[in-house]
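Worksheet: the structure to be examined is printed underneath.
Here's what the structure looks like:
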């Protein structure tokens, strides 16, 4: 049975592909323009106007890969994003298990409180975070940003994992205990493989939200741990913006997302809905 | 959900999360509360100010204006993104290679760092080097979002539609593919029109994901900071200064800690209220859905 045919009439379904195609074209044009600009020289950007680079050049990318202040930005971003993902998923796993399997004192309040942190405006936390991490001497370290991003990523991971874990029938736990598995052994050997896709999705979303966040990351770093996104902002305010390098740096930030998105394409909606689709 | 065993030992599992989030949420929040009730003449000397800052913020035109701007912005983008997202999701292919292609390409804007999104549109809208600005200039329209508040709004809304409509599409799509084929067959036998299929089968089945989409979009647009900050910096004048931008300006730009802290708390309370609505909706629907499905089958 063809769902697409059933969904629409025979006449309209022939042109149905037009809507998503136009939408994707709309999405791609600004990205194309960015990549287009990143492959031009600055003189060509400012003087001429063309839909594609006339003198194709990779100089802008060479600038980024040749200058430590630029490429260290990428390394910094990736370090704290990975740290954050590992911390968030590691602490969220047992908590999500508790929420999906047991009732306990204050469980609903706790779950709601976690959600409020996912929804907390980063602008509210920027200044207090700065003071908190200054007090511990953690400003300009990767771990400070990783911990700060836990504010919204841990609740997110708990919610997503709880959604996936609730989909696993509780009989599996009980059977494993009867078969003589201890809890750690059961969790590692039986339960984790069952929710492997959930762990992947939770990790992906932690990665993503830590990767795209700028306000907190910028507030907590000075030079040593400065994320790539903040380095880009710095060059905007400088006089005589180097548009080509700017565009190349922007284009490079799209790559990590584009790579990982392929692996979670079928679960991405579930992640955004906090595991509740 | 109701037949889960009651066991307070489960708290040990939740403890790491509790400690971690408490440190990164409660302690900073207490600093904010602390500032919100005190005044300072510098030199780290503080004295009690009571509710002075709260009354000041609540009575200030500046706060009210940014609140109104932010609500207007949220309303506009919801009115555009939700119908557009539904339309695209309905027209998406349901099987084959094109599904993956669509999903990956559509999700792409969601994974671009937010200030890069701002930068992309900053470049795209410029009349000298941007495709959009240049094309409009060729058509004889003076496009300068740094001068005209209307054009600044248009480009910010366009940017948000570009950035986030895919979220609505993905959620709606996942709701649509969950509809069993039998529903459509029944509709065909009844000779239901395209509109009736949408109204009585697809829309009710998408209800839950649609609610999630609306609430998420509303809350995230209510907290929007980076993209408009990079694109317009809150200008021209204050016409695109939303709540978060205003807050950061007060706190870090002017270092008015008292009013900024009071504003943070008011802002946070609004978000808390919205979260509660969100939570109630999500948990209630989560409970209803499986029961309904059992009755139907």
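Residue numbers (this note's numbering), protein chains in the order written: chain A, 1 to 277; chain B, 1 to 297. Glycine residues also receive a C-beta, built at the ideal position from the N, C-alpha and C atoms. Computed from a predicted model, the values in this text were never measured in an experiment.
Check your understanding: At a CB-CB cut-off below 7 Å, which residues of chain A make contact with residue 124 of chain B?
Key -> Chain-order list of chain A residues neighbouring residue 124 of chain B: 30, 33, by C-beta distance under 7 Å.
Exercise for review: Inspect the CB distances between the region 95-115 of chain B and the region 252-262 of chain A and report whether three or more fall short of 8 Å.
Suggested key: They touch, by the three-pair rule.
Review point. Along chain A, which residues have their Cβ under 7 Å away from the Cβ of residue 145 of chain B?
Key: Residues of chain A whose Cβ lies closer than 7 Å to the Cβ of residue 145 of chain B do not exist; the shortest such Cβ separation is about 14 Å.
Review point. Under 9 Å, do residue 229 of chain A and residue 77 of chain A count as touching if we go by C-beta distance?
Key: Yes, Cβ-Cβ distance for residue 229 of chain A and residue 77 of chain A is below 9 Å.
Check your understanding: So is residue 269 of chain A buried or exposed if we call it buried at 16+ other beta carbons inside 10 Å?
Key -> Taking a 10 Å sphere around the C-beta of residue 269 of chain A, we find 16 or more other C-beta atoms and assign the residue as buried.
Review point. At a Cβ threshold of 9 Å, is residue 24 of chain B touching chain A?
Key: Closer than 9 Å to some Cβ of chain A, the Cβ of residue 24 of chain B qualifies, so yes.
Check your understanding: Under the rule that 16 or more other beta-carbon atoms within 10 Å means buried, what is residue 60 of chain A, buried or exposed?
Key -> Here residue 60 of chain A is buried: its Cβ has 16 or more other Cβ atoms, across all protein chains shown, within 10 Å.
Review point. Would you call the CB atoms of residue 167 of chain B and residue 215 of chain B closer than 9 Å?
Key: In this structure, residue 167 of chain B lies away from residue 215 of chain B, with their beta-carbon atoms at least 9 Å apart.
Check your understanding: Mind checking if residue 171 of chain B is an interface residue toward chain A, Cβ cutoff 9 Å exclusive?
Key -> Interface with chain A (9 Å Cβ-Cβ cutoff): residue 171 of chain B is included.
Exercise for review: Return the residue from the list A/221, A/159, A/272, A/253 that minimises the CA-CA distance to residue 14 of chain B.
Suggested key: Among A/221, A/159, A/272, A/253, the Cα nearest to that of residue 14 of chain B is on A/159.
Check your understanding: Whose CA, out of B/229, B/22, B/158, lies closest to the CA of residue 81 of chain B?
Key -> Looking at the Cα atoms, B/158 is the closest of the given residues.
Check your understanding: Which residues of chain B have a Cβ atom closer than 8 Å to the Cβ of residue 49 of chain A, listed in chain order?
Key -> Result: 129, 134.
Exercise for review: Mind the definition here: the region 46-64 of chain B touches the region 147-164 of chain A only if three or more C-beta pairs lie below 8 Å; say whether that holds.
Suggested key: Inter-segment contact for the region 46-64 of chain B and the region 147-164 of chain A is absent: fewer than three beta-carbon pairs are separated by less than 8 Å.
Review point. Considering only C-alpha positions, which residue in the set B/245, B/281, B/277, B/252 is nearest to residue 121 of chain A?
Key: Closest by C-alpha distance to residue 121 of chain A, out of B/245, B/281, B/277, B/252, is B/245.
**Study point:** residue 201 of chain B versus residue 183 of chain B - alpha carbon distance
**Key:** Answer to the nearest angstrom: the Cα atoms are 7 Å apart.
Point to revise | chain B residues whose Cβ lies nearer than 8 Å to that of residue 150 of chain A | key: Those within 8 Å of residue 150 of chain A in chain B are 20, 21, 24.
**Study point:** Listed by chain order, chain B residues near residue 114 of chain A by CB distance under 8 Å
**Key:** Contacts between residue 114 of chain A and chain B, judged by CB atoms closer than 8 Å, involve 17, 21 in chain order.
Check your understanding: Given residue 131 of chain B, which residues of its chain have a CB within under 8 Å of its CB, disregarding the five upstream and five downstream residues?
Key -> Once the five neighbours on either side are set aside, the close Cβ partners of residue 131 of chain B are 124.
Check your understanding: For residue 44 of chain A, which residues of its own chain have a beta-carbon under 8 Å away from its beta-carbon, when the five flanking residues on both sides are left out?
Key -> Non-local C-beta neighbours of residue 44 of chain A in its own chain, meaning closer than 8 Å and more than five positions away in sequence, comprise 50, 53, 54, 55, ordered along the chain.
Check your understanding: So with Cβ pairs under 9 Å, would you call residue 57 of chain B a contact of chain A?
Key -> No - not a single Cβ of chain A is within 9 Å of the one on residue 57 of chain B.
Review point. Shorter than 9 Å from the beta carbon of residue 98 of chain B to some beta carbon of chain A?
Key: Contact of residue 98 of chain B with chain A is assigned, a C-beta pair being separated by under 9 Å.
Review point. Within the 9 Å Cβ cut-off, does residue 241 of chain B reach chain A?
Key: Taking 9 Å as the threshold, the shortest C-beta distance from residue 241 of chain B to chain A does not fall below it.
Check your understanding: Leaving out the 5 sequence neighbours to the left and right, which residues in its chain are closer than 7 Å to residue 162 of chain B when beta-carbon positions are compared?
Key -> Excluding sequence neighbours, residue 162 of chain B sits near 109.
**Study point:** residue 246 of chain B, DSSP secondary structure in three states
**Key:** Under the three-state reduction of DSSP output, residue 246 of chain B falls in the helix class.
Point to revise | Cβ-based neighbour list, residue 161 of chain A, same chain, cut-off 6 Å, excluding 5 preceding and 5 following | key: Hits under 6 Å: 92, 96, 198, 202.
Check your understanding: What's the gap between the Cα of residue 272 of chain B and the Cα of residue 155 of chain A?
Key -> About 15 Å.
Exercise for review: Classify residue 66 of chain B as helix, strand or coil using the three-state DSSP reduction.
Suggested key: If DSSP states are grouped into helix, strand and coil, residue 66 of chain B belongs with the helices.
Point to revise | Whole alpha helix (DSSP H) elements within the region 147-203 of chain B, 4-residue minimum | key: Taking 4 residues as the shortest admissible run, the region 147-203 of chain B contains the following complete alpha helix (DSSP H) segments, listed from N- to C-terminal end: 149-177, 181-190, 194-197.
Check your understanding: CB-CB under 8 Å to residue 147 of chain B, same chain, minus the five flanking residues each way: which ones, in chain order?
Key -> Hits under 8 Å: 236.
Exercise for review: Put residue 6 of chain B into one of helix, strand or coil per three-state DSSP.
Suggested key: Per DSSP, reduced to three states, the secondary structure at residue 6 of chain B is strand.
Check your understanding: From this set, A/187, A/265, A/273, A/275, which residue's C-alpha is nearest residue 97 of chain B's C-alpha?
Key -> From the listed residues A/187, A/265, A/273, A/275, the smallest Cα separation to residue 97 of chain B is found for A/265.
Review point. Based on the DSSP output, what are the partners of residue 17 of chain A in its beta bridges?
Key: According to DSSP, which records beta bridges pairwise, residue 17 of chain A is partnered with nothing at all.
Review point. Taking the continuous alpha helix (DSSP H) assigned at residue 299 of chain B, which residues delimit it?
Key: The requested residue 299 of chain B is not part of the displayed model; chain B covers only 1 to 297.
Review point. Do residue 79 of chain A and residue 142 of chain A come within 9 Å of each other at the CB atom, strictly closer than that value?
Key: Their beta carbons are under 9 Å apart, which means residue 142 of chain A touches residue 79 of chain A by this criterion.
Practice item. Could you tell me whether any Cβ in chain A is nearer than 9 Å to the Cβ of residue 208 of chain B? Key: True, the Cβ-Cβ gap to chain A drops below 9 Å.
Check your understanding: residue 135 of chain A: which of B/284, B/12, B/270, B/31 sits nearest, CA to CA?
Key -> Distance check between residue 135 of chain A and each of B/284, B/12, B/270, B/31 places B/31 closest, using alpha-carbon atoms only.
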